[in-house]
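What follows is a short report on a single structure.
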Amino acid sequence: MSVSEASGNTDDASKPADAPLIAFQGITKTYGQGQTAFLALRGVDLTIHAGEFLAIMGPSGSGKSTAMNILGCLDTPSAGAYLFQGAHVEHLDRNQRALLRRHYLGFVFQGFNLLARTSAQENVELPLLYRGEAPEKRHEAALAALALVGLSGWEHHTPAELSGGQQQRVAIARAIVTQPLVLLADEPTGNLDSKRSHEIMELLVRLNQEQQITVLMVTHEPDMAKYAYRNVHFVDGVVSSDSREEALPCS
Amino acid sequence: MFLNAILLALREICRNLMRSFLTILGIVIGVAAVITMVTLGNGATQAVADQISSLGSNLLILRPGQRLGPGRDGVSVPRFRIADAEAISSQVASLQAVAPVVNSGATLVAGNENWSSAINGTTNDYLIAGNWTLATGRAFSEDEEKLGRAVCIIGETVRAKLFKGQDPIGSPLRVKNFSCEVIGLLASKGQGAMGMDQDDMVIIPIRTAQRRFTGNQNVSTILVSMKDGVDSARVIEQIGDLMRERRKLADHEEDNFNIQDTKQIAQTLSGAIGTLTTMFGAVAAVSLLVGGIGIMNIMLVSVTERTREIGIRLAIGALEHEVLLQFLIEAVALSAFGGLVGIVLALLACPFLADLMQVPFVFDPFINLLSFGFSAAIGVLFGYMPARKAASLDPIEALRHE
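As C-alpha cells, then:
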C-alpha cells in the first residue's frame, strides 16, 4: 500500500519525484473551543527530506509534542496541509492513519512502552503481527532487528529482566522491524542515565546512517540534540529557529 | 487477521493466568450448577420412572379407604376379601393378573441366622403383577395356594442373609412361629428408587398368611395388572363399579376404597420433579448471568489497566476493529473456556452426587451444549462493551495514561 492509496489519491505518478518526505504547510492545532481555546501550533511550516536526523527542541508548552503527534499521524491538524511523500494526509480518518503508521512509521517513546510479561522477541514481532506477516518471517525479522540494536541473545527476556537501556533498544528494534521510512522518537533518552543516553543516541545515528531511516526526535537535552544534523526549535507554537550542521552525513 | 486476533487474545489470557482464572470462576460455577441441577433432576425423574415400572407395568393398586396416607378412614371401612380379587379376575376383561396381598412382617430364622423381613401373603399372580421372575425353584402349586401350605418363596436379600452360600431350595425357614419350606428364589431386582430393598421379602400363600398371621379373612391390597395397551381409565371404572356393587354402596355414597394407577403416579411425580428441575436450572442460570457480569467487570478493569498497552498497539498501527476483536475474543475465549471447565466439573461431580442421592446418572448432551453455547454468548454480550471501550481509545491519551 502506498501513502497515496491511504489518502485516496490514486494517481501515484502525479506526485513530484523530488517531493520532500514530509512537508508541513501552515499547520495549526487548536485545543478546546471558544473562550478557552488554546492554540498549540500557530502556523508551522516545516520540510523534512528523506535521510535527515532532526531534533525538535523547545520549552514545555512550545508545541513540540503536538507537532510530533501530528508528524506521527497520531493526531490531525486543525488547519494547514500535511504532505507525506507528496500526498495529503491531514484529512485521513483514524483507520487510514493507523495503516499509514503501520507501514511507514516507527515509534520510540520516553517510557519505552513495551508490553509487560512479554518477551523481547514478541514485543518486536508485534507490529509485524498487525501487518499479517507469516510466523517464520516475523521471527526472522525480529531476530534481525534485535541483532541490529545489539541485543542478540536477549530475545526471551521480558522487560522486567532488562535494564532501561536494553528496554529502549527493544523499543527501537520494535520501531525498525517493519523497516519504516521514519522513526519518531519522543524523548527517547528521557528515562535513561547519561551513559545509556549516549549509547541510545549512537544507535539512532547508526540506524540513520546505515539503514537510511529518517529520524525525528523530540528532546529537551541539548547534549542529545547535538547528535542530530538539524535542530528545530519551537517557541509558542511556531518554529523559532531551524539550524543545520554544515556537513550532511548522507544524501 | 482473525487468526491473529485469536493469537493475541490467547497470549493475553496466558499472560494473566491468575486473573483469567478468577474471571472465569463465575462462569465455571454457573455452568457447573446448571448442568448438575438438570442432570440430577433428570436422574430423579428417571429414578421415579424406574421405580414405578419395577412395581409392575400397567399396575393398579386397590386399597380400602378413600385416600392414602395417615389419617385414612378408620377400621370401620370394610376390607377386601379374596373373593373380591376373584370377582375382578372373572368379571373384568383384559387383565393379566389379579393378586390379593396380605402385608405383614416377621423375624425369620434359618439355622443359626435370623433376619427381619417383610412377609407378603399372596398368590402366583403377584409374580406377574410385580414383574418378578424366579431365579431357581418353582412357584406355588394350586394345592399349596388353596390349602395354605407352609411353603415360601424368598427374595435375594433374605437368601444372602440367612443361607449364605448354600442352596436354599428345600431348606426349612422359620417364619415367626411356624416352619415352612423354601420352594423358590426370586431373581434380584435391586434397590428401589427411594433406597428400599425390594429383594428383602418372603412370599407365602395368602391363605397361609391369613391363617398363621392375621387370623382373619382380610386382604390388605389387591394388585391388578392390565394387559398392554389397555385403557386404564376404563378398567378403573369397571373395577370401581364392581367394587361399589359388591360393597353395596348406594348412589349417594362415596367410594370407600381407592384405585391407584401406578402410571399416573409416575406421571404426576415426574411432572413435579420436572418442574423442580426447571426451577433449579433457572436459579442456576441466574448465577451464569452473574458470572457473565463478572467477566464484563474484569474486562472493563482490564481495559483501564491496559490502557497504555492499547495505546502502544494503536500507535504501531493496530486498527480499531483489530483491538475490538482482540478484546472480544479474549472475553469469548475466557467465558467459553469457563464453560468447558464447568462442564468437566459437572460431569465429574454428577456421578458422585447421583450416587449420593441414589438416582441414576443420566448424561444429557443437550443441556451440556446449551450451557456451553450460553456461556460463549455471554462472552460476546458482556465482552462487547469493554472491547468497544478499548478500541475507541485515543492513542495519544492512552499512551499518556499512567
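Chain order of the listed sequences is A and B. Read the first sequence against the working numbering and you will find it ends at 1356, with the numbers running on by one and no gaps. Read the second sequence against the working numbering and you will find it ends at 1098, with the numbers running on by one and no gaps. Where is the CB? At the ideal position from N, CA and C, for every residue including glycine.
Secondary structure of residue i, DSSP reduced to three states
i, result
"Ala1290/A", "strand"
"Pro901/B", "strand"
"Cys710/B", "helix"
"Cys1046/B", "helix"
"Gly886/B", "coil"
"Arg1147/A", "strand"
"His1244/A", "helix"
"Tyr1334/A", "coil"
"Leu718/B", "helix"
"Val1040/B", "helix"
"Asn1313/A", "helix"
"Gln742/B", "helix"
"Ala1155/A", "coil"
"Gly817/B", "strand"
Test: residue i CB closer than 8 Å to a CB of chain B
i, result
"Asn1296/A", "no"
"Pro1264/A", "no"
"Leu1231/A", "yes"
"Ala1239/A", "no"
"Ala1246/A", "no"
"Ala1225/A", "no"
"Leu1197/A", "no"
"Asn1200/A", "yes"
"Arg1243/A", "no"
"Leu1234/A", "yes"
"Ala1203/A", "yes"
"Arg1274/A", "no"
"Arg1206/A", "yes"
"Arg1349/A", "no"
Residue i burial status per 10 Å Cβ neighbour count (16 or more: buried)
i, result
"Ser1224/A", "buried"
"Glu950/B", "exposed"
"Asp1117/A", "Low confidence applies to Asp1117/A: its pLDDT is 44, below 50, so where it sits in the model is not reliable, and the reading given next is rough at best. Exposed is the call here."
"Lys1134/A", "buried"
"Lys1169/A", "buried"
"Tyr1136/A", "exposed"
"Arg1349/A", "exposed"
"Arg1274/A", "buried"
"Pro1327/A", "exposed"
"Met975/B", "exposed"
"Thr674/B", "The displayed coordinates of chain B run from 697 to 1098. Any statement about residue 674/B would go beyond what the structure contains."
"Gln747/B", "buried"
"Met1322/A", "buried"
"Val979/B", "exposed"
"Ser1346/A", "exposed"
"Val724/B", "buried"
"Gly1113/A", "Only weak support is given to the placement of Gly1113/A: the predicted model assigns it a pLDDT of 45, under 50, and the question is left unresolved by the model."
"Val997/B", "exposed"
"Gln894/B", "buried"
"His1261/A", "exposed"
"Leu699/B", "exposed"
"Met714/B", "exposed"
Beta carbon proximity, residue i to chain A, threshold 8 Å
i, result
"Asn700/B", "yes"
"Ile665/B", "Nothing can be reported for residue 665/B, as the shown portion of chain B is limited to 697 through 1098."
"Glu1018/B", "yes"
"Ile1025/B", "no"
"Ile1092/B", "yes"
"Leu1095/B", "yes"
"Leu1089/B", "no"
"Leu706/B", "no"
Sheet register partners of residue i (DSSP bridge)
i, result
"Val871/B", "Leu804/B, Phe874/B"
"Trp811/B", "Leu804/B"
"Asp957/B", "Leu756/B"
"Ile918/B", "Leu758/B, Pro796/B"
"Val1323/A", "Ile1161/A, Asp1291/A"
"Gly880/B", "Gly833/B, Ile849/B"
"Ser1346/A", "His1338/A"
"Tyr1187/A", "Phe1129/A"
"Tyr1136/A", "Phe1143/A"
#### Entry: Short-range partners of chain A found in the segment 991-1016 of chain B, where Cβ spacing is below 8 Å
Arg1004, Glu1005, Gly1007, Ile1008, Arg1009, Leu1010, Ala1011, Ile1012, Gly1013, Ala1014, Leu1015, Glu1016
### Task
Give the residues from the segment 1209-1222 of chain A that approach chain B closer than 9 Å (Cβ to any Cβ), ordered along the chain.
Leu1210, Gly1211, Phe1212, Phe1214, Gly1216, Asn1218, Leu1219, Leu1220, Ala1221, Arg1222
### Task
Could you list the residues in the segment 1174-1187 of chain A with a C-beta less than 8 Å from some C-beta on chain B, going in chain order?
Asn1174, Gly1177, Leu1179, Asp1180
### Message
So if I threshold CB-CB distances at 8 Å, which residues from the segment 1125-1145 of chain A count as touching chain B?
### Response
none
### Message
Please list, in chain order, the residues of the segment 1038-1069 of chain B that have any C-beta partner in chain A closer than 9 Å.
### Response
none
### Message
Please identify, using Cβ separations under 8 Å, the residues of the segment 1301-1331 of chain A that lie next to chain B, in order along the chain.
### Response
none
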